[in-house]
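**Q** The structure's right below; bear with me while I get my questions together.
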Amino acid sequence: PETMYGQTNCFVLPSGDYSIYEFNVQVSPGSEEREAQVMICSERAARNMAYQEPFIENENWGKLTLLGKVKGKNLVGTPVKAPKTRYERVYCLPLLTISMKKGTG
């Protein structure tokens, strides 16, 4: 999930291990309405999101639905949706200084 306005790309660590998760996300803040979204991120980022309000439903604090795994090098060049931008899609680009131990999203 991105919160950066004006985003033009999405950086990935080519040697990084990413996971594919399904989250049942609030459509808007405070809304009861939810929609399933698939997100690719590090395991740590997914764990962090699993405890944040938009990503939890009922008593599902910390629960994750893992769909698969992918190496960062396989994401380079992939078009992705970045919901806070005016672009229909942005592309994944390599960045070698990413820390997979952070997990901010």
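Read in order, the letters of the sequence shown correspond to residues 5 to 109 in our numbering.
Glycine included, each C-beta is placed from N, C-alpha and C at the ideal position.
CB-CB under 6 Å to N13, same chain, minus the five flanking residues each way: which ones, in chain order?
**A** The answer, listed in chain order, is V94, Y95, L97.
**Q** Can you tell me whether G109 is helix, strand or coil according to DSSP?
**A** At G109, the pLDDT of 49 sits below 50, so the modelled position is not reliable; the number obtained from the coordinates is stated separately. Of the three classes helix, strand and coil, the one that applies to G109 here is coil, per DSSP.
**Q** State whether the region 11-31 contacts the region 43-54, with contact taken as three or more CB pairs (one from each stretch) at a distance under 8 Å.
**A** Touching, yes.
**Q** Residues in the same chain with beta-carbon distance under 8 Å from Y55, minus the five sequence neighbours each way, listed in chain order, please.
**A** Hits under 8 Å: W65, G66.
**Q** Starting from the Cα of E39, find the closest Cα among K88, P18, F59, G76 and give me that residue.
**A** Taking only the C-alpha atoms, the option nearest E39 is F59.
**Q** Output yes or no for whether 7 Å exceeds the beta carbon distance between G72 and G20.
**A** Their beta carbons are not under 7 Å apart, which means G72 does not touch G20 by this criterion.
**Q** My understanding is that T89 touches G10, with C-beta atoms under 8 Å, so please give their C-beta distance in whole angstroms.
**A** Going by Cβ atoms, the distance from T89 to G10 rounds to 7 Å, so yes, they are a contact pair.
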